[in-house]
DNA sequence: AACAGAATGCGAAATTATCGCAATTACGCG
DNA sequence: CGCGTAATTGCGATAATTTCGCATTCTGTT
């Protein structure tokens, strides 16, 4: 990955908060011409500094009214089994992210479910299996994202 | 939030994977004219179905070589103090997300730091304050995302 | 100090988004 | 059923944005 200067970092910062800014808007904020900004952005895409650009869809629309953090403790022993488990869990539409972590838990998952009952059903269907020794659920009351700045 | 039909859901799905598609591209995929697609997308933005559009920056670039989950336990008492704390933490570039949660912890934060030492410095600078009673750190060994599709 | 490579700004050309408008569709209500 | 209203569509035309070529400026090296 090539070298990035301050302009590049500034652009990445701006676009990571709002990727729909025009060259002109970017130009005013970082002090380059619109064309130079867009050339740099295109380059950032080409070299992979910008992995992708996506729309964040409201959980209300996706049906995810409840966000949950689940700490999964696995039965030790067979890496291939946990691999299969992980892949299975990642296929569930409620699963937004899985972290393999240190500590008591082996996995931390981020879920979005339509309701607590939907989550209860999910746990019954997927968490009471041999590979999983136990799990802790943390309910998210509210989430906060970094602000533009 | 208004009603969304199949076209809207299809658009949301497409844009949540790649928000940089032109009206023409969207039109070919969902079977409407480019103008109709873009009008619908604009409406999805207006009603908040699309919360925002962002660039995903490679962690290699952000310097985020280590991902951490931090469970913060706060000293109870003053909601305004914790509000200020939260806002302060959200301003740190390492902080990617803060969840206000149920359970022993009050906040769960997702951090990306350049190194464990950088994280140690961050804890020393920000976690040893009156508002924070204690914290637990979970190191992410690897993260997994759902596949598109 | 000279040179080569890279990046810049400017303006033209191409692509894309937005707007107005007439026609079509969807739908509630008499 | 049929009418009328409101919403949505497609089709240009217009406006905005991006992309490109090119001469110039900046950078770093020998």
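Residue numbers (UniProt numbering), protein chains in the order written: chain A, 1 to 149; chain B, 1 to 149.
Where is the CB? At the ideal position from N, CA and C, for every residue including glycine.
Counting the other CB atoms within 10 Å of its CB gives residue 65/B a total below 16, which places it among the exposed residues.
Between the C-alpha atoms of residue 76/B and residue 146/A there is a straight-line separation of about 24 Å. Sequence-ordered contacts of the UniProt domain "HTH asnC-type" (4 to 66) of chain B with chain A read 4, 12, 15, 16, 17, 18, 19, 20, 48, 49, 50, 51, 52, 53, 54, 55, 56, 57, 58, 60 and 61 [C-beta pairs closer than 7 Å]. Taking a C-beta distance under 9 Å as the contact criterion, residue 112/A and residue 62/A qualify as a contact pair.
For the pair residue 45/B and residue 6/B, the Cα-to-Cα distance works out to about 16 Å. Distance check between residue 137/B and each of 123/B, 12/B, 144/B and 32/B places 123/B closest, using alpha-carbon atoms only. Closer than 9 Å at the C-beta level to chain A, one finds these residues of the region 134 to 149 of chain B: 136, 137, 138, 139, 140, 141, 142, 143, 144, 145, 146 and 147. DSSP places residue 11/B within a helical segment (H, G or I) once states are collapsed to three. Boundaries of the alpha helix (DSSP H) around residue 126/A: 116 to 126. Straight-line spacing of the CA atoms in residue 90/A and residue 32/A works out to 42 Å. Boundaries for residue 129/B: no beta strand (DSSP E) harbours it, and the DSSP string shows neither H nor E there. Taking CB atoms only, residue 82/B has no neighbour in chain A less than 9 Å away. Any Cβ of chain A closer than 9 Å to the Cβ of residue 70/B would place that residue at the interface, and such an atom is absent. Using a CB distance cut-off of 9 Å, residue 98/A counts as an interface residue toward chain B. Relative to the Cα of residue 48/A, the nearest Cα in the group 42/B, 51/B, 50/B and 57/B belongs to 57/B. In chain order, 144, 146 and 147 make up the part of chain A whose C-beta sits under 7 Å from the C-beta of residue 90/B.
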